[in-house]
Amino acid sequence: MQGLIDTWVDVQSWILETAVHPLLFRFGYMTFFEDAPFVVETLMLGVVQIAVILLVFRPLERLAPAEHWPDRKLARVDIVYTLLSKLGLLPFIVFVVLYPVNDWLQESVRDYDLVLPTVEQVVPWLRDKPLLLFATYFLLYDLAGYLLHRMQHAVPWWWALHSLHHSQRQVTCWSDDRNHVLDDVLASFYFAVVALLIGVQPSQYVALLLVSRLVESFSHANVRFGFGRVLDKLVVDPWFHRTHHARASASEPHIHDSNFGAVLPVWDLLFGTAVYDYKRRPTGVDSRDADADNGKGWLGQQIAVLGRLGRAIIATFRPRRLAHPAE
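Per the numbering used here, residue 1 is the first one in the sequence shown, and the count goes up by one each step.
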C-alpha cells in the first residue's frame with residue numbers, strides 16, 4: 001500500500017514540476033500555487049474514475065446486462081458528460097474559490113464572539129480520529145446529497161434541469177454525469193458550501209468526491225445484479241437506483257420520486273422514500289418534451305433543457321386565473 005501511495009505522490013509531483021508550476025510562473029498565476037497540488041490530484045482522481053469505469057464497470061455490463069439494446073447509440077452522449085465532469089474539475093474549483101470566503105466568514109463571526117459549528121468544534125474528540133472524522137463528514141455530505149436530490153424533483157424549475165438526467169432510456173455506468181451545466185454549477189456550489197460549513201479540508205473533499213462518485217457511477221450500471229437483500233440496505237446498488245430511473249406510468253406516476261440516496265440508502269429508509277420491490281422497469285421519462293433529449297448530442301440537449309427551464313419559470317410566475325362562480 002505504501003508503495004502505491006509513494007507512486008501516486010511521485011506522479012503528482014512530476015505533473016506539478018514539469019507542467020503546472022511552469023505554466024503558473026509563465027502566466028503570472030502564482031496566487032494559485034498552493035491550490036495547484038489539490039487541482040492536480042483531483043484531475044488524477046478523475047482519470048482513475050474513468051479507468052475504473054472502462055476496466056471494471058463496462059465489462060460487468062457486458063457480462064450481465066439488465067437490459068439488452070440493439071445498439072448503444074443513445075448512451076454514447078453520456079460518455080461526453082463523464083469526460084467533461086471527471087476532467088472538468090468544476091466541483092473542486094468551486095470549493096477552492098469558496099474556501100477564502102469561508103475563512104473570511106469565520107473571522108467575521110469571531111468579531112461578534114460567534115463560532116460556526118464545524119464537526120470538529122461540535123465533537124472535539126473526533127480531531128485525533130481521522131477515519132471516524134472522515135466517516136462523519138461522508139455521512140453528512142451524503143445526507144446533503146439526499147436533500148438536494150429531493151429538491152431537484154420537487155421544485156418545478158429545478159426538475160426542468162434535472163429531467164435531463166432522467167430522460168436517458170439507456171442508463172449505463174456513464175449516465176451519472178448526465179446533467180445540465182447549470183444543474184452542475186448549482187450542485188457544486190451547494191456541496192462546496194456544505195463541506196466548508198462542516199469543516200472539510202481540500203484534501204478530504206477530494207476523497208469525498210472520489211468515493212461518492214465511484215459508487216454513483218456503479219449504481220447507474222446496466223447490470224442485472226445488486227448487493228443482495230442485506231447489503232443493499234447499507235449501500236446503494238444498481239437495482240436500488242434503477243428504480244429511481246424507472247419511467248413513470250399511469251399505474252406508477254411517481255415511481256421516480258423514490259430511492260433518492262446517492263451512496264447510502266439509509267436516508268430513503270428513514271424518510272420513507274425507499275422502494276425495494278426488485279421489479280424490472282424501463283428507464284426514462286413519461287414527458288414527450290424531455291424524452292426528446294434522446295438522440296440529441298451534448299449541445300442539443302443543453303439547449304433543449306434551457307427551453308424547458310424557461311417554460312417552467314414562466315409557468316411558476318404566470319398569474320393564475322380565478323374561476324368565476326356560476327351565477
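A virtual CB, placed ideally from N, CA and C, is assigned to each residue, including glycine.
Which two residues bound the contiguous alpha helix (DSSP H) that contains residue 34? For this step, residue 34 is matched to residue 34 along the sequence shown. Taken as a continuous stretch (DSSP letters only), residue 34 belongs to no alpha helix (DSSP H), as it is neither H nor E.
Label residue 315 either buried or exposed according to how many other C-beta atoms from any shown protein chain fall within 10 Å of its C-beta, with 16 as the threshold for buried. Residue 315 sits at position 315 when you count from the first residue of the sequence shown. The residue in question, residue 315, is exposed, as its Cβ has fewer than 16 Cβ neighbours within 10 Å.
Expressed to the nearest angstrom, what Euclidean distance is found between the alpha-carbon atoms of residue 121 and residue 57? As a first step, residue 121 must be located in the sequence shown, where it is residue number 121. As a first step, residue 57 must be located in the sequence shown, where it is residue number 57. Cα to Cα, residue 121 sits roughly 40 Å from residue 57.
Uninterrupted alpha helix (DSSP H) stretches inside the stretch 15–78 (no shorter than 4 residues): 21–27, 36–52, 58–63
So which of 73, 191, 289 has the shortest CA-CA distance to residue 143? Against the sequence shown, residue 143 aligns to sequence position 143. With distances taken between Cα atoms, residue 143 lies closest to 191.
State the DSSP-derived secondary structure class of residue 327, mapped to helix, strand or coil. Along the sequence shown, read from residue 1 onward, the residue named residue 327 stands at position 327. Only weak support exists for where residue 327 lies, its pLDDT of 42 falling under 50; the coordinates are left without a value.
Can you say whether residue 175 is buried or exposed, counting buried as having 16 or more other CB atoms within 10 angstroms of its CB? Here residue 175 refers to the residue found at position 175 of the sequence shown. Residue 175 is buried by the Cβ-count criterion.
Determine contact between the stretch 157–170 and the stretch 298–310, defined as no fewer than three beta-carbon pairs at a distance below 8 Å. yes
C-alpha distance - residue 317 paired with residue 186, whole-angstrom precision: By 1-based counting over the sequence shown, the position of residue 317 is 317. By 1-based counting over the sequence shown, the position of residue 186 is 186. Taking the straight line joining both Cα atoms gives about 21 Å.
In whole angstroms, what separates the C-alpha of residue 26 from that of residue 173? Counted from its first residue, the sequence shown places residue 26 at position 26. Counted from its first residue, the sequence shown places residue 173 at position 173. The alpha-carbon atoms of residue 26 and residue 173 are separated by roughly 39 Å.
Straight-line Cα distance separating residue 298 from residue 265: As a working note, residue 265 is residue 265 in the sequence shown. As a working note, residue 298 is residue 298 in the sequence shown. So the alpha carbons of these two residues sit roughly 31 Å apart.
Alpha carbon to alpha carbon, what distance is there between residue 67 and residue 203? Reading the sequence shown from its first residue, position 203 is the one you call residue 203. Reading the sequence shown from its first residue, position 67 is the one you call residue 67. Answer to the nearest angstrom: the Cα atoms are 38 Å apart.
Check for me: the alpha helix (DSSP H) holding residue 210 runs from which residue to which? If you number the sequence shown from 1, residue 210 lands on position 210. Start and end: 202–219.
With a threshold of 7 Å on Cβ separation, who are the neighbours of residue 41 within its own chain once the five nearest residues in sequence on each side are excluded? Working through the sequence shown from its first residue, we reach residue 41 at position 41. The answer, listed in chain order, is 12, 206.
Does the Cβ of residue 86 have 16 or more other Cβ atoms within 10 Å, making it buried, or fewer, making it exposed? Residue 86 sits at position 86 when you count from the first residue of the sequence shown. The residue in question, residue 86, is buried, as its Cβ has 16 or more Cβ neighbours within 10 Å.
Pick helix, strand or coil for residue 118, following the three-state DSSP scheme. Residue 118 sits at position 118 when you count from the first residue of the sequence shown. Of the three classes helix, strand and coil, the one that applies to residue 118 here is coil, per DSSP.
For residue 172, the three-state DSSP class (helix, strand or coil): Within the sequence shown, residue 172 is the residue found at index 172, counting from 1. In this structure, residue 172 counts as coil in the three-state DSSP scheme.
Ignoring anything shorter than 4 residues, give me the alpha helix (DSSP H) runs that lie fully in the stretch 228–266, in order along the chain. 228–231, 238–244
Per the contact definition of three or more C-beta pairs closer than 8 Å, is the stretch 128–146 in contact with the stretch 46–53? no
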